[in-house]
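In the UniProt record's numbering, the protein residues as written are 1 to 751.
Even glycine gets a Cβ: it sits at the ideal position worked out from N, Cα and C.
Heads up, the thing below is written out as structure tokens.
Below, the structure is given as structure tokens:
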């Protein structure tokens, strides 16, 4: 579908549903006794809205870690006079017996329960209350729904010795389900008699018995006039099965595929079996024989097969038995069979492993119920994305996102899916992706990071995030991304490569963002985490990217954020600064990052007294002569001292070095810099520099500030002239030119 590519907003329905679910109390409900959700008495909602609320709720609980499930959510739909339900899809651990029980008065038409392992035989009884209206029912993977708890002994003490035993319910059947047409019993527990269970159903149209082993399927012929779809995935077949299937002449969809890795199969497909299907099942439009081994050669001799354009015409089919088809199939499943590599396949859609189209068809067809197959198909897609170029990028992305969402706890899918995402979101594909789609990718990547502490998944997810513009594209999940990254960095045992990527991301996230973001991240423990990393690296005597990125991140997060500057000092940041300087005297990048950070600390008046020690002042004075990273280290050291000088002689609480001596060294340093230096620094605001202009207490600070402004506006006029004007720098400079205390050369520069 093309709408995937578009950036059109969500429908109003979707937006309202999402909003109401996230704010139930403020919208549809009130809290009774501070715990139970109750629907407002004046609310009446039709099934179109209620179905969406329930289905979207299940989706949110499953895929959005911030969304809190409500104990009493399903009770909101207990009374059909105010809320109507018709078609609902429930999944996994989200649903328990009492939830179905709560909605038993509803006239459900469609009920899908997928992998709801918490449901027990209590829910079988609840199903009976929907029996008169239910048309579609799926119990796929509900492995405990035929078990009830039997309490042996019945006395208190004895119960502690014998916990409740699980007993298989033998007497349940679909008696009375008079309208039921579509039924999925996939992965039904062994021991249930399928034939007895189904016998009361008058006219079944679709039946899915995936993963169930039945030696005798003769009972299926009772629906030979109504059955149009039959799925026997992973059922061990025999000649008897084939004979029964051939009698189901109304079949339009037949799936006898299997997972070729799952177990030993005696059955082998032959030319005769395929011929039998083609001759007898004349309405067939969809056939899946994936994973089967062919016992004999069903293909046309290769000379003939290779001729001409690829064709879907049955007459030209490379698979001999399919030459008997009246028209091409809509779908043919050939995944993990040798047949998918043939030239002429008489089907419009083929699942296989030959090319991108076939692989995408496989992911699309098997994601919902067959994660074991899907993960192998995604692995093939990963190779295509990595080695060749994906031609159906949007479809590929959408399918991988769906698979990752659907199987949040499946390790194989999380590993292969997160790896495929990395290649599908890299820069060469960038232009084809909408904001909406890229946001979906980010959501699903963060889900993966949350659910999986597994190294490969974590690394793939972090690498994928590097394909985005940071911080802009991650802004909508800002807190969550930072929490996850800090989580990774706080783990005691760490993978080197993940650590490096995570620190890089943290640094990028706090660069160029608003101060409230920085404050929030600081409160999450960002400063502490970075200092711990620095401490670790210092102990190993290594100055690598992690060390440099950590200081750079601290420089960014303290920018005009006094709380974070204070945290830096409180967690002995200055001690680490001195130790790093001593341990790595030659590392220019490191010195620049550290001094940039101290520049931020020095801008905070209340913190400056903590920098006023002989040791620190000597270090800063000596760094004035540093030639590291052009002028950057010297410039930043001078900036730190300019702010300290600005507090006046009375704040100079040390004997050594003398204030005048430091001032002299500052003048010398500034005069040695080239006024046209290109810079390795980024100002979002001039406010800390401008405050050094209107004062007479420290002419050297005034001079440093004027030099800084002059250099920035002359080397980068487009960026910094507007900033200087916007922040009121012009009148401040004009006033300074009139000041008696200002030095002549400062006035010249200001003019």
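Exercise. Would you call residue 279 buried or exposed, if buried means 16 or more other Cβ atoms sit within 10 Å of its Cβ?
Worked result: Residue 279 is exposed by the Cβ-count criterion.
For this session: Check whether the segment 8-16 touches the segment 34-41, counting contact only when three or more Cβ pairs, one atom from each stretch, lie closer than 8 Å.
Result: Contact fails: fewer than three Cβ-Cβ distances are below 8 Å.
Exercise. Can we say the segment 262-269 touches the segment 316-335, given the rule of at least three CB pairs closer than 8 Å?
Worked result: Contact check between the segment 262-269 and the segment 316-335: fewer than three CB pairs, one atom from each, fall below 8 Å, which does not count as touching.
For this session: With DSSP as the reference, label residue 753 as helix, strand or coil.
Result: The chain is shown only over 1 to 751; residue 753 falls outside these bounds and no answer can be derived.
Problem set entry | Proximity winner among 676, 251, 566, 728, relative to residue 689 (alpha-carbon distances) | From the listed residues 676, 251, 566, 728, the smallest Cα separation to residue 689 is found for 728.
For this session: Kindly indicate which three-state DSSP category residue 184 falls into: helix, strand or coil?
Result: In the displayed model, residue 184 falls within a strand according to three-state DSSP.
Problem set entry | Simplified DSSP assignment, three categories, for residue 207 | Strand, per DSSP.
For this session: Report yes or no: do three or more beta-carbon pairs, one from the segment 369-388 and one from the segment 315-326, lie closer than 8 Å?
Result: Counting Cβ pairs under 8 Å, fewer than three are found: no touch.
Exercise. Which stretch, first to last residue, makes up the beta strand (DSSP E) that contains residue 39?
Worked result: Per DSSP, residue 39 belongs to the beta strand (DSSP E) from 36-39.
Exercise. How is residue 368 classed by DSSP in three states: helix, strand or coil?
Worked result: Residue state, collapsed to three classes: coil.
For this session: Could you please give the first and the last residue of the uninterrupted beta strand (DSSP E) stretch that includes residue 110?
Result: For residue 110, the enclosing beta strand (DSSP E) starts and ends at 110-114.
Exercise. Taking the beta strand (DSSP E) that residue 29 falls in, what are its first and last residues?
Worked result: Annotation for residue 29: the continuous beta strand (DSSP E) segment containing it runs 29-32.
Exercise. Smallest Cα separation from residue 700: which of 245, 716, 665, 675?
Worked result: Residue 665 is the option with its Cα nearest to residue 700.
For this session: Please check the pair residue 537 and residue 546, which I expect to be a contact at CB under 8 Å, by giving their CB distance rounded to whole angstroms.
Result: Indeed they touch by this definition, with Cβ atoms about 6 Å apart.
For this session: State the Cα-Cα distance for the pair residue 15 and residue 719, rounded to the nearest angstrom.
Result: Near 39 Å, if we compare the C-alpha coordinates of residue 719 and residue 15.
For this session: Report yes if the C-beta distance between residue 80 and residue 105 is below 8 Å; otherwise report no.
Result: Contact flag set, yes.
Problem set entry | Unbroken beta strand (DSSP E) run spanning residue 479, endpoints | From DSSP, residue 479 is part of no beta strand (DSSP E) but of the alpha helix (DSSP H) over 478-490.
Exercise. Whose C-alpha, out of 634, 618, 617, 619, is nearest the C-alpha of residue 625?
Worked result: When only C-alpha atoms are compared, the closest one is 634.
Exercise. What residue range is occupied by the uninterrupted alpha helix (DSSP H) comprising residue 563?
Worked result: First-last of the alpha helix (DSSP H) with residue 563: 562-570.
Problem set entry | Where residue 471 falls, given that 16 or more other Cβ within 10 Å makes a residue buried | Classification for residue 471: buried.
For this session: Put residue 504 into one of helix, strand or coil per three-state DSSP.
Result: DSSP places residue 504 in helix when its eight states are reduced to three.
Exercise. Within 10 angstroms of its Cβ, does residue 578 collect 16 or more other Cβ (buried), or is it exposed?
Worked result: Around the beta-carbon of residue 578, fewer than 16 other beta-carbon atoms lie within 10 Å, marking it exposed.
For this session: Below 7 Å CB to CB, which residues in the same chain sit around residue 351 once its five sequence neighbours on both sides are set aside?
Result: Sequence-distant partners of residue 351 (beyond 5 residues in either direction) whose C-beta falls short of 7 Å from its own C-beta, in its chain, are 290, 333, 334, 335, 358, 361, 362, 365.
For this session: Count the CB pairs spanning the segment 133-141 and the segment 171-190 that are closer than 8 Å, and state whether there are at least three.
Result: With the cut-off at 8 Å, the segment 133-141 and the segment 171-190 touch.
For this session: Just grab the DSSP bridge partners of residue 347 for me.
Result: Per DSSP, 329.
Exercise. DSSP on residue 258, reduced to helix/strand/coil?
Worked result: Coil at residue 258, not helix or strand.
Problem set entry | residue 762 versus residue 582: straight-line alpha-carbon distance, rounded | Because the chain spans 1 through 751 in this model, residue 762 falls outside it and cannot be assessed.
Exercise. Among 740, 300, 686, 554, which residue has its Cα nearest to the Cα of residue 695?
Worked result: It is 740.
Problem set entry | Neighbour-count burial assignment, residue 461, 16 or more Cβ in a 10 Å radius | Result: buried.
Exercise. Secondary structure at residue 167, three-state DSSP: helix, strand or coil?
Worked result: The three-state reading of DSSP puts residue 167 in strand, counting E and B together.
Exercise. Beta carbon of residue 490, beta carbon of residue 456: below 8 Å?
Worked result: Cβ atoms of residue 490 and residue 456: not closer than 8 Å.
Problem set entry | Helix, strand or coil at residue 286 [DSSP, three-state] | If DSSP states are grouped into helix, strand and coil, residue 286 belongs with the strands.
For this session: Flag this pair as yes or no: are the beta carbons of residue 228 and residue 202 separated by less than 8 Å?
Result: Against a cut-off of 8 Å, the Cβ pair of residue 202 and residue 228 comes out as no contact.
Exercise. Could you check where the alpha helix (DSSP H) with residue 245 kicks off and where it finishes?
Worked result: Unbroken alpha helix (DSSP H) run through residue 245: 239-247.
Exercise. Out of 287, 93, 260, which has the shortest C-alpha to C-alpha gap to residue 273?
Worked result: The option with the nearest alpha carbon to residue 273 is 287.
Exercise. What residues in its chain sit with their C-beta under 7 Å from that of residue 670, if we drop five residues either side in the sequence?
Worked result: 638, 703, 704, 707.
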